[in-house]
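**Student:** Here's a structure for you.
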């Protein structure tokens, strides 16, 4: 949860404060006036997800109460990994491979958390 929060928080901050630079880096054509706003809203979504993960990092994830957090993270990272993987295969941007692999690792980890029974460690005396 901590690593997920750090990753999403970093992406959220970059998208919120550098939308023009992101558009300039990834854009091949012209952009509209709404594009920076869309990138900033995307940044807000990432940052909000980071805050959810950060506040839930001490909880037992995958249990009955934190299951929605596991479902949300798994869905985000699995769909993101597939989209980035497809983008890597059909694009000239070969730098997408690293984010695709990172998203894939997070998808696998959150898949294990989601589809396995959470076991609480026994307190040591």
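Residue numbers (the numbering used here): 20 to 144. For glycine and all other residues, C-beta sits at the position ideal for the given N, C-alpha and C.
1. With contact counted as at least three CB pairs below 8 Å, one residue from each stretch, are the stretch 21-39 and the stretch 62-80 in contact?
2. Can you give the Cα-Cα distance for residue 42 and residue 93, rounded to whole angstroms?
3. Roughly how many whole angstroms lie between the Cα atoms of residue 66 and residue 103?
4. Exposed or buried, residue 135, counting other C-beta atoms within 10 Å across all chains shown (16 or more means buried)?
5. Whole angstroms is fine: what's the gap from residue 53's alpha carbon to residue 31's?
6. Restricting to Cα atoms, I'd like to know which of 86, 101, 28 is closest to residue 117.
7. Looking at the secondary structure, which residues open and close the alpha helix (DSSP H) in which residue 63 lies?
8. Suppose contacts are defined by Cβ-Cβ distances below 8 Å. Is residue 35 in contact with residue 69 by that definition?
**Tutor:** So, from the listed chains and residues:
1. yes
2. Locating residue 42 in the chain shown gives position 23, where the first residue counts as 1. Locating residue 93 in the chain shown gives position 74, where the first residue counts as 1. Approximately 27 Å between the Cα atoms of the pair.
3. The count along the chain shown starts at 1 and reaches residue 66 at position 47. The count along the chain shown starts at 1 and reaches residue 103 at position 84. Roughly 20 Å between the two C-alpha positions.
4. On the chain shown, position 116 is the one that residue 135 refers to. With fewer than 16 other Cβ atoms within 10 Å, it is exposed.
5. Translated into the one-based positions of the chain shown, residue 53 becomes position 34. Translated into the one-based positions of the chain shown, residue 31 becomes position 12. Using only the alpha carbons, I get a separation of about 18 Å.
6. Translated into the one-based positions of the chain shown, residue 117 becomes position 98. Checking every option, the nearest Cα to that of residue 117 belongs to 101.
7. Taking the first residue of the chain shown as 1, we reach residue 63 at position 44. That run of the alpha helix (DSSP H) goes 54-74.
8. Here residue 35 corresponds to residue number 16 of the chain shown, with the count starting at 1. Here residue 69 corresponds to residue number 50 of the chain shown, with the count starting at 1. Result no, Cβ atoms of residue 35 and residue 69 do not sit closer than 8 Å.
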